[in-house]
Amino acid sequence: MANPKFLVVDDSLTMRRIVINTLKSIGFESVVEAADGKDAMAKLMSEGADFLITDWNMPEMSGLDLTKWVRSSDRFADMPILMITTRGNKDDVIEAMKMRVNNYIVKPFTAPGLKEKIDQILKSIESPMP
Amino acid sequence: MKSAVRRKIELPREEVAPWPGRDVLDNFVKVVSEVVPLLDTVKVSLQESAGTIPKASMQLDNVTRATENATVEILDVLERMTARMDAMGSAITRLRESEGERESALKHIDSLIAEASGSQPGLLEHWKVFRTSFARQGSTDELESQFAAVRADAMSIAMALQVQDITSQQIAGVSQVIESVRLRLDKVLQAFGEERLAPAAAQTVGRSSEHFNGDAEYTREPNRQEHADEIVERFKRGDHA
């Protein structure tokens with residue numbers, strides 16, 4: 001997937017700015033943002049996106065519920081999803097993986113860490129495991 | 001008859017036959033009479049303490065808002081710095097491209113000056129000074145290296161600002177604890193017959209615990225991410241334990 005369009009979802013304006021700036025620093029220029037799960041749903045329906053990066057704890061609609069909606073939608077079911085959250089417990093990670101996020105980052109994240117996870121996901125899409 | 005009544009009233013207390021439980025009742029009355037003023041003191045103390053809670057919640061809210069505003073300002077500055085560094089980087093690239101052309105022209109001039117210096121004695125010396133000045137300027141390699149380092153530092157500052165998001169969630173957790181204390185104090189004071197406490201006006205107070213992670217940590221220890229990576233890999237291999 002060349003030049004994917006990212007949708008960055010986080011209720012913290014600070015975090016959205018940091019994630020977006022980091023994406024741009026590693027070569028991903030096409031980015032839209034949303035402040036919570038509901039806002040993200042609306043943005044997906046109106047503007048579309050190729051890759052979802054979402055926080056977990058948010059008002060209106062959590063990142064987990066957003067993931068559930070994405071995976072159950074016809075249009076976005078196969079969209080790569082990367083969760084970036086402060087929740088680092090084993091149960092949290094497993095719960096997110098059960099919702100079929102592609103990968104998981106614990107805040108505070110690093111730019112190399114973000115790049116690594118995105119590259120892994122994009123590679124797995126291009127060369128899916130048998 | 002009157003004398004009999006008068007006699008009964010005048011009987012000394014010790015001569016009235018004590019009824020069973022009187023001592024217990026006397027003690028009970030004594031304890032209650034001591035406790036009641038204490039309860040009044042407790043009630044006043046609870047009212048005073050509870051009265052400070054809305055202000056405490058509001059102050060925590062203000063802290064979150066102020067740090068978010070300051071963080072956004074810092075990010076604005078960092079973005080401007082990054083844009084300027086990008087422009088400087090482009091200028092350095094153009095400089096580097098012209099470096100090669102300049103060097104070959106200088107070498108050609110070297111040989112021309114060597115030929116002409118016989119008839120112009122001072123020419124070679126002045127040319128050497130001119131040539132040396134280029135060497136002292138340093139190459140664009142050094143400039144590029146310094147810019148890369150400054151750019152990396154700006155990125156480090158931006159990444160460290162994640163602390164604002166994490167601490168705001170911790171503060172939301174504290175606000176929730178304060179609110180639960182306020183509600184319990186409210187119940188106790190209602191038992192005293194007092195009016196309900198004024199609710200906290202802070203925006204964060206009404207937030208569901210699903211909206212934040214009160215246990216969020218700001219730590220640069222890599223093992224948290226490594227731990228999550230291990231769980232993800234095991235899950236993908238089918239190990240959901």
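Sequence order for the protein chains is A and B. My numbering numbers the first residue of the first sequence as 1 and each following residue consecutively. My numbering numbers the first residue of the second sequence as 1 and each following residue consecutively. The beta carbon of each residue, even a glycine, is placed where N, CA and C say it ideally should be.
Once the 5 residues before and after V35 (chain B) are set aside, which same chain residues still bring their CB inside 6 angstroms of it?
For the purposes of this step, residue 35 (chain B) is taken as residue 35 along the second sequence, with counting starting at 1. Taken in chain order, the list of residues that qualify is empty.
What are the residues in the stretch 100 to 125 of chain A lying within 8 angstroms of chain B by C-beta distance?
Within the stretch 100 to 125 of chain A, the qualifying residues are N103, Y104, I105, V106, K107, P108, F109, T110, A111, G113.
Assuming the contact rule is C-beta atoms closer than 8 angstroms, Q170 (chain B) and A228 (chain B) should be a hit. Round their C-beta distance to whole Å, please.
Translated into positions along the second sequence, residue 170 (chain B) becomes position 170. Translated into positions along the second sequence, residue 228 (chain B) becomes position 228. Not a contact, Cβ separation roughly 20 angstroms.
Touch test, the stretch 74 to 91 of chain A against the stretch 108 to 127 of chain A, Cβ-Cβ under 8 angstroms, three pairs minimum
yes
CA-to-CA distance, G214 (chain B) to E95 (chain A), given in whole angstroms
Within the first sequence, the letter at position 95 stands for residue 95 (chain A). Within the second sequence, the letter at position 214 stands for residue 214 (chain B). Using only the alpha carbons, I get a separation of about 19 angstroms.
Can you list the residues of chain A that E210 (chain B) reaches, using a CB-CB cut of under 7 angstroms?
Walking along the second sequence from the start, residue 210 (chain B) turns up at place 210. Here the neighbours are N57, S62.
Tell me whether S102 (chain A) is buried or exposed, calling it buried when 16 or more other Cβ atoms sit within 10 Å of its Cβ.
The residue labelled residue 102 (chain A) in the question sits at position 102 within the first sequence. One point to set straight first is that residue 102 (chain A) is Asn, not Ser, in the sequence displayed. It counts as buried.
Cβ of T86 (chain A) less than 7 angstroms from any chain B Cβ?
Residue 86 (chain A) sits at position 86 when you count from the first residue of the first sequence. T86 (chain A) counts as touching chain B.
Taking R100 (chain A) as the reference, which of A:R75, A:D65, A:R87 has the closest Cα?
Indexing the first sequence from 1 puts residue 100 (chain A) at position 100. With respect to the C-alpha of R100 (chain A), the residue from A:R75, A:D65, A:R87 having the closest C-alpha is A:D65.
Since S45 (chain B) contacts S12 (chain A) with CB under 8 angstroms, what's their CB separation in whole angstroms?
Locating residue 45 (chain B) in the second sequence gives position 45, counting from the first residue. Locating residue 12 (chain A) in the first sequence gives position 12, counting from the first residue. Actually they do not touch by this definition, with Cβ atoms about 38 angstroms apart.
L95 (chain B) and T132 (chain B): beta carbons closer than 7 angstroms?
Taking the second sequence and counting its residues from 1, the one referred to as residue 95 (chain B) is at position 95. Taking the second sequence and counting its residues from 1, the one referred to as residue 132 (chain B) is at position 132. No. Outside cutoff.
Taking all protein chains shown into account, do 16 or more other C-beta atoms lie within 10 angstroms of the C-beta of R65 (chain B), making it buried, or fewer, making it exposed?
In the second sequence, the residue the question calls residue 65 (chain B) occupies position 65. Exposed is the call here.
Whole angstroms is fine: what's the gap from Q225 (chain B)'s alpha carbon to L39 (chain B)'s?
By one-based count along the second sequence, residue 225 (chain B) stands at place 225. By one-based count along the second sequence, residue 39 (chain B) stands at place 39. Whole-angstrom Cα-Cα distance: 53 angstroms.
Does the beta-carbon of K107 (chain B) have 16 or more other beta-carbons within 10 angstroms, so that it is buried, or is it exposed?
Here the question's residue 107 (chain B) lines up with position 107 in the second sequence. K107 (chain B) should be labelled exposed.
Specify, as a first and last residue, the run of the beta strand (DSSP E) that L52 (chain A) falls within.
Against the first sequence, residue 52 (chain A) aligns to sequence position 52. Residue range 51 to 54 is occupied by the beta strand (DSSP E) that includes L52 (chain A).
Below 9 angstroms on C-beta distance, what does M41 (chain A) contact in chain B?
Position 41 of the first sequence holds residue 41 (chain A). Simply none; closest approach about 17 angstroms.
Classify F212 (chain B) as buried or exposed, calling it buried when 16 or more other Cβ atoms lie within 10 Å of its own Cβ.
The residue given as residue 212 (chain B) occupies position 212 in the second sequence. Flag for F212 (chain B) reads buried.
Can you list, in chain order, the residues of its chain with a C-beta nearer than 8 angstroms to that of A77 (chain A)? Leave out the 5 residues immediately preceding and following it.
Stepping through the first sequence from its first residue, residue 77 (chain A) is reached at position 77. V70, R71.
What are the boundary residues of the alpha helix (DSSP H) that includes T86 (chain A)?
Residue mapping note: residue 86 (chain A) aligns to position 86 of the first sequence, counting from 1. It is not in any alpha helix (DSSP H) - T86 (chain A) carries neither H nor E in the DSSP assignment.
What does V9 (chain A) reach in chain B if we use C-beta pairs closer than 9 angstroms?
What you label residue 9 (chain A) is simply residue 9 of the first sequence in a count that begins at 1. In chain order: nothing, as chain B lies at least about 13 angstroms away.
Below 7 angstroms between beta carbons is the criterion; list the residues of the stretch 184 to 195 of chain B that meet it against any residue of chain A, in chain order.
Against chain A - using a Cβ distance shorter than 7 angstroms - the stretch 184 to 195 of chain B contributes no residues.
Do T14 (chain A) and T82 (chain B) have their C-beta atoms closer together than 7 angstroms?
Looking up residue 14 (chain A) in the first sequence gives position 14. Looking up residue 82 (chain B) in the second sequence gives position 82. No, the Cβ-Cβ distance between T14 (chain A) and T82 (chain B) is not below 7 angstroms.
In angstroms, rounded to a whole number, what distance separates the CA positions of D74 (chain A) and R87 (chain A)?
Counted from its first residue, the first sequence places residue 74 (chain A) at position 74. Counted from its first residue, the first sequence places residue 87 (chain A) at position 87. Roughly 29 angstroms separates the two Cα atoms.
Do R182 (chain B) and I53 (chain B) have their CB atoms nearer than 7 angstroms?
The residue given as residue 182 (chain B) occupies position 182 in the second sequence. The residue given as residue 53 (chain B) occupies position 53 in the second sequence. In contact: R182 (chain B) and I53 (chain B) (Cβ atoms closer than 7 angstroms).
Could you tell me whether the Cβ atoms of E33 (chain A) and R16 (chain A) are closer together than 7 angstroms?
The residue labelled residue 33 (chain A) in the question sits at position 33 within the first sequence. The residue labelled residue 16 (chain A) in the question sits at position 16 within the first sequence. Taking 7 angstroms as the Cβ cut-off, E33 (chain A) and R16 (chain A) qualify as a contacting pair.
Going along chain A in order, which residues have a C-beta closer than 9 angstroms to the C-beta of R65 (chain B)?
Indexing the second sequence from 1 puts residue 65 (chain B) at position 65. Those within 9 angstroms of R65 (chain B) in chain A number zero; the least Cβ separation is about 11 angstroms.
Using a Cβ-Cβ cut-off of 8 angstroms (strictly less than) and excluding sequence neighbours within five positions of N3 (chain A), which residues of its own chain qualify?
In the first sequence, residue 3 (chain A) corresponds to position 3, counting from 1. If we look at N3 (chain A) and ignore the five residues flanking it on each side, its Cβ neighbours are F28, E29, S30.
Where does N3 (chain A) fall in DSSP's three states?
Numbered from 1 along the first sequence, position 3 holds the residue referred to as residue 3 (chain A). Coil at N3 (chain A), not helix or strand.
Taking the beta carbon of L184 (chain A) as the centre, do at least 16 other beta carbons fall within 10 Å, making it buried, or is it exposed?
Nothing about residue 184 (chain A) can be reported from this structure: the residues present for chain A run from 1 to 130 only.
Could you list the residues in the stretch 23 to 49 of chain A with a C-beta less than 7 angstroms from some C-beta on chain B, going in chain order?
S25
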